[in-house]
Amino acid sequence: MAGLQASSHRLAASPTVPLCQESCPSSASCLRLTFDSRAARPLSISANTSLAPGRLYHSSFSFSLSSPESILSSSFATNASPKDSGDQETISDSAIERSQRVMESKSEMELRERILAGEFSVQYSGSKTRGVREFFMKWGKLGRSLAYILASSERSYLLRQAKKVPEAKGDVRAITGQPFFIPLYDLYLTYGGIFRLNFGPKSFLIISDPAIAKHLLKENSKAYSKGILAEILEFVMGKGLIPADDEVWRVRRRAIVPALHRKYVSEMVGLFGRAAENLCHKLDTAAKHGEDVEMESLFSHLTLDIIGKAVFNYDFNSLSRDTGVVEAVYTVLREAEHRSIAIIPYWDFPIIKDLSPRQRKVAAALKFVNETLNDLISICKKMVDEENLKFEDDYMNERDPSILHFLLASGDDVSSKQLRDDLMTLLIAGHETSAAVLTWAFYLLAQNPTVLAKLQHEVDLVLGDRMPTIEDMKKLKYTTRVINETLRLYPQPPVLIRRSLEEDVLGNYPISKGEDIFISVWNLHRSPVLWEDPEVFRPERWPVDGPDPTEVTENFRYLPFGGGPRKCVGDMFATFENITAVAMVVRRFNFELALGAPPVGMTTGATIHTTAGLNMTVTHRIRPPVIPVIGESTITTIEENGSVKSSRPSNGVVTLNACREETQKVTK
1 MAGLQASSHR
11 LAASPTVPLC
21 QESCPSSASC
31 LRLTFDSRAA
41 RPLSISANTS
51 LAPGRLYHSS
61 FSFSLSSPES
71 ILSSSFATNA
81 SPKDSGDQET
91 ISDSAIERSQ
101 RVMESKSEME
111 LRERILAGEF
121 SVQYSGSKTR
131 GVREFFMKWG
141 KLGRSLAYIL
151 ASSERSYLLR
161 QAKKVPEAKG
171 DVRAITGQPF
181 FIPLYDLYLT
191 YGGIFRLNFG
201 PKSFLIISDP
211 AIAKHLLKEN
221 SKAYSKGILA
231 EILEFVMGKG
241 LIPADDEVWR
251 VRRRAIVPAL
261 HRKYVSEMVG
271 LFGRAAENLC
281 HKLDTAAKHG
291 EDVEMESLFS
301 HLTLDIIGKA
311 VFNYDFNSLS
321 RDTGVVEAVY
331 TVLREAEHRS
341 IAIIPYWDFP
351 IIKDLSPRQR
361 KVAAALKFVN
371 ETLNDLISIC
381 KKMVDEENLK
391 FEDDYMNERD
401 PSILHFLLAS
411 GDDVSSKQLR
421 DDLMTLLIAG
431 HETSAAVLTW
441 AFYLLAQNPT
451 VLAKLQHEVD
461 LVLGDRMPTI
471 EDMKKLKYTT
481 RVINETLRLY
491 PQPPVLIRRS
501 LEEDVLGNYP
511 ISKGEDIFIS
521 VWNLHRSPVL
531 WEDPEVFRPE
541 RWPVDGPDPT
551 EVTENFRYLP
561 FGGGPRKCVG
571 DMFATFENIT
581 AVAMVVRRFN
591 FELALGAPPV
601 GMTTGATIHT
611 TAGLNMTVTH
621 RIRPPVIPVI
631 GESTITTIEE
641 NGSVKSSRPS
651 NGVVTLNACR
661 EETQKVTK
C-alpha cells in the first residue's frame, strides 16, 4: 500500500479518496479519506488492511477529525480469521459524547497507524541459501564443506549490504525508576522488532521479533554466549549450568539431565504435594482467624523448601521457621538480583567492596551457604559410598532421591567446586522462577473469578481429596493452561541476555562481535502484532486438547523457558511443581485481593516481583458435590466433613437410582 500522501488538487476533486495506488485491485485493503469540500479537510478515515506480516486479517478502523491537528474519536476491530471484505465504518464526529475517550483513542490510533505502516513487521527473512545448504549437508564431508563456504559467503554479502540498526532516541533516564522491561515495550512500539539502546558508555540491541529470537537461540546459538548474565552471576553460580560457557555447559548438561528421569519426577510430584500441604496448613490458620496473608513470601518459602529437598536433600523448612541458612540464601538471592539491574558494578572495586556494609553482609552470607553446601556434599558422598545399589538409568535412592545423590552415584568426575556451582545454580533457578509464577498466577486468578471457578471444577473432578500423582499432570489440562497463560503475561525472566561471539546478521542488520543483546520476552508475549488481545488473561487461548504451547509450537513468539539448545532443563519439573501447588491450594480456598492493600506493582531482578507483596484475603471453600457419571463403576460423593467418598454398587455399574440413593444419604 502506498504511503499516506495525496496531492491537494486530488483531494479537492473527490470527497472520498483511496490512499493507495489508483490501480489497487481491492478496496478491502486500502485506506480511504472522506473530505468536507467546503472546509478542505478530512472528516473521517477508514481502512481495511493486514494486521500481521504474511497473513491478511480483516481489520477496520476509523476516526473523525474536527481539524487536521485534533483527533476526536477512533475505533478499531479485528477478526482472527483471514478474509477479504469491503466493509467500512465511519463514526460520527460527535466530539462532546466521546471527549472522555480522546486520550485513550489517540494512543490506540497511533499504535494502529504504526501497525498499518508495517513498523512492527520487521521479519528476519532467514537464510536465502538454507535449503541448498541442508541439501549439501547430506553429501558427507564434501557437502558439509560446500555448505560452510555457501553460508560464509552469504553472511559476508549480507554484512556488506545490510543497513544500520535503528537507534532509540531520547533521555535514558526515562527508563530508570521502573522495571526496565516496561519502557522497552514502549520503545518496541516506536522502533520495531530490533533497535539499539545506548545506556551511558554501553550499547544494547533490543530484540522483540520472534524470527530474530529463533535465530539467536536456536539457528545460530553457537555464535552467542550469556555475556553480561554470566558476569553478573559468576560470584554466586560460578560455572553453573546457566552462566557457563558452551564447553562447560555441554559437559554439565550431559551429567545433570539424566537425573531428571521419569522415576525422579514422579517422586518429586509427591514432594510438591507434601510441601503444598504444609502451605495449606498456614492458609487454614489464616482463614480461621480472618487474617490477610502475604502470598508472595509464602510461595517463595514453599519453592525454597521444594528445591532444597529436590536438589540436595536439605530440608529448609522455611514455611515453619526462619534459620540462618534461609536468611543467608535470601541475602545471596537478593544480591544477584541487585547486580542484574545495577548500572555501575561497584562491587568489582576492592576498596568499595571492602567498605560497603551490603557487600560485607553478602560475602558472609555466601561463605555460610558455601560451607553448608560443602557439608551436604560430604554427607552425600559418605551415603553413596555406604550404599549397595547398582547404578542404572533410572537410579534413585529412596532415602535421598536428590539430584546431588544421583550425580555422585553416577561417578560424575567433577570437582567439589563445580558440584557446588551446579547446586547453587539449580537452587536459584528452581526457586525464584517458580515462586514468581505462583505469585502472578494467584494475582490473575483473584481478578478473574470465572477462570478460578473453572479451575476449581477441574481439580475437584481429577483429584477429589487425594494427593496428586504424575499421572494427574496430564489430566489437569485447564490448570496447565492457567500456568501457560500466566507465563505469557508474566514471563520469568522477562528478558534473555546474549552476547555475540562473532559477526552476524539480525533482521538484515549487521552486528559485530561483542554486541550485548536483550531478547525481550515481555515484548514478544504482549505484542499486539503477535497476539489477539495480548493484555487479556485468557487460558482458553490454547485449547485444552491441543499441544502444550512451547517455543516450537508457537514459533518463538512464546518463550516461557527460553529456547534452543540452552533451553531450561527443568521445564517439566517447574511446570509440574506449579500445577501441583495451584491445584492443592485452590481446591481448599478462595482468594481475593485484600481490601486496603497497596496496589500490586512490579519490580524486577532475576524475575518479576511485586513492589509490596501480594496481600490476599483467604477463605475456606465449600466444594459442591461431585456429579457421578452414569455407567462408571463407582459413585463419588462429598461427605459432611468435606472428604470424598467412593462407593461401588453390588452389580458394579452405577445406575440413576443408585445415584439418587447416595445423594439422599448425603443430604440427610
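Numbering (UniProt numbering), first residue to last: 1 to 668.
Think of the CB as a built atom: it goes at the ideal place given N, C-alpha and C, for glycine as much as any other residue.
Please read these numbers as outputs of a predicted model, since none were measured by experiment.
Apart from the five residues on each side of it in sequence, which residues of its chain come closer than 6 Å, Cβ to Cβ, to residue i?
{"i": "residue 669", "result": "A question about residue 669 goes unanswered here, because the residues of the chain that appear run from 1 up to 668."}
{"i": "Val384", "result": "Leu408, Ala409"}
{"i": "Ile307", "result": "Leu427, Gly430, His431"}
{"i": "Phe406", "result": "Ala259"}
{"i": "His261", "result": "Asp394"}
{"i": "Leu146", "result": "Phe136"}
{"i": "Ile519", "result": "Ile207, Ala213, Leu496"}
{"i": "Val569", "result": "Val257"}
{"i": "Gln664", "result": "Confidence in Gln664 is poor, its pLDDT being 47 and thus under 50, which makes the residue's placement unreliable; the coordinate value appears in the next sentence. Cβ neighbours of Gln664 beyond the five flanking positions: none."}
{"i": "His525", "result": "Arg488, Pro491"}
Would you mind sorting residue i into buried or exposed? The rule is 16 or more other CB atoms within 10 Å of its CB.
{"i": "Lys239", "result": "buried"}
{"i": "Thr611", "result": "exposed"}
{"i": "Gln456", "result": "buried"}
{"i": "His281", "result": "exposed"}
{"i": "Gln492", "result": "buried"}
{"i": "Gly563", "result": "buried"}
{"i": "Lys214", "result": "buried"}
{"i": "Arg466", "result": "exposed"}
{"i": "Glu458", "result": "buried"}
{"i": "Met137", "result": "exposed"}
{"i": "Leu216", "result": "buried"}
{"i": "Trp249", "result": "buried"}
{"i": "Asn313", "result": "buried"}
{"i": "Gly273", "result": "buried"}
{"i": "Gly54", "result": "Annotation note: pLDDT 33 at Gly54 (below 50); position unreliable, coordinate value reported separately. Per the 10 Å Cβ criterion, exposed."}
{"i": "Pro345", "result": "exposed"}
{"i": "Pro68", "result": "Residue placement at Pro68 is poorly supported in this model, since its pLDDT is 34, which falls under 50; the coordinates are not used for a value here."}
{"i": "Ala364", "result": "exposed"}
{"i": "Thr433", "result": "buried"}
{"i": "Ser225", "result": "buried"}
Beta-carbon within less than 8 Å of residue i's beta-carbon, same chain only, minus the 5 sequence neighbours each way: which residues are those?
{"i": "Asp305", "result": "Ala275, Asn278, Asp315, Phe316, Asn317, Ser318, Leu319"}
{"i": "Gly227", "result": "Ile497, Arg498, Arg499, Asp516, Ile517"}
{"i": "Val236", "result": "Val332, Glu335, Ala336, Leu366, Met424, Ile428"}
{"i": "residue 670", "result": "Lying outside 1 to 668, the shown extent of the chain, residue 670 is not represented and no answer is given."}
{"i": "Gly324", "result": "Phe368"}
{"i": "Arg144", "result": "Phe136, Met137"}
Could you tell me the alpha carbon to alpha carbon distance between residue i and residue j, rounded to whole angstroms?
{"i": "Val362", "j": "Val414", "result": "27 Å"}
{"i": "Ala595", "j": "Gly605", "result": "With the sequence shown as reference, residue 595 is identified as Leu, and Ala is not the correct amino acid for it. Approximately 28 Å, taken between the alpha carbons."}
{"i": "Ser527", "j": "Pro534", "result": "6 Å"}
{"i": "His609", "j": "Asp245", "result": "28 Å"}
{"i": "Arg252", "j": "Thr190", "result": "41 Å"}
{"i": "Gly514", "j": "Thr303", "result": "36 Å"}
{"i": "Tyr558", "j": "Thr480", "result": "15 Å"}
{"i": "Ala581", "j": "Trp347", "result": "37 Å"}
{"i": "Lys474", "j": "Val462", "result": "10 Å"}
{"i": "Ala436", "j": "Phe573", "result": "15 Å"}
{"i": "Asn374", "j": "Phe391", "result": "23 Å"}
{"i": "Val329", "j": "Gln418", "result": "19 Å"}
{"i": "Asn204", "j": "Val505", "result": "The residue you asked about is not Asn; residue 204 is Phe in the sequence shown. Roughly 15 Å between the two C-alpha positions."}
Thinking residue i and residue j are a contact (beta carbons under 8 Å), I'd like their distance in whole angstroms, please.
{"i": "Glu386", "j": "Asn397", "result": "In fact, because the Cβ distance is near 11 Å, the residues do not count as touching under 8 Å."}
{"i": "Phe537", "j": "Thr439", "result": "That belief does not hold up - the Cβ atoms of Phe537 and Thr439 are roughly 14 Å apart, past 8 Å."}
{"i": "Ala453", "j": "Val482", "result": "No, Ala453 and Val482 are not in contact; Cβ-Cβ is about 12 Å, not under 8 Å."}
{"i": "Ser208", "j": "Asn523", "result": "4 Å"}
{"i": "Ile232", "j": "Ser340", "result": "5 Å"}
{"i": "Ile403", "j": "Ala310", "result": "7 Å"}
{"i": "Asp571", "j": "Phe561", "result": "4 Å"}
{"i": "Pro210", "j": "Leu530", "result": "7 Å"}
{"i": "Glu167", "j": "Arg196", "result": "5 Å"}
{"i": "Leu444", "j": "Leu489", "result": "7 Å"}
Which residues in the same chain have their Cβ closer than 7 Å to the Cβ of residue i, if we skip the five residues on either side of it in sequence?
{"i": "His9", "result": "Since pLDDT at His9 reaches only 36, below the 50 mark, its modelled position is unreliable, and the value read off the structure follows with that caveat. There are no such residues."}
{"i": "His301", "result": "Ser318, Leu319"}
{"i": "Glu485", "result": "Phe537, Arg538, Pro539, Arg541"}
{"i": "Pro401", "result": "Tyr264, Glu267"}
{"i": "Phe589", "result": "Leu283, Ala287, Val618, Thr619, His620, Arg621"}
Can you tell me whether residue i sits near the ligand GDP, meaning its C-beta is under 8 Å from at least one heavy atom of the ligand?
{"i": "Gly507", "result": "Inclusion of the ligand GDP in the displayed structure is not the case, the ligand content being empty and no account of it being possible."}
Does the pairing of the segment 358–374 with the segment 389–396 give three or more beta-carbon distances under 8 Å? no
Could you tell me whether the segment 611–625 touches the segment 285–299, using the rule of 3 or more Cβ pairs below 8 Å? yes
Check whether the segment 569–589 and the segment 502–512 touch, using three or more Cβ-Cβ pairs below 8 Å as the test. no
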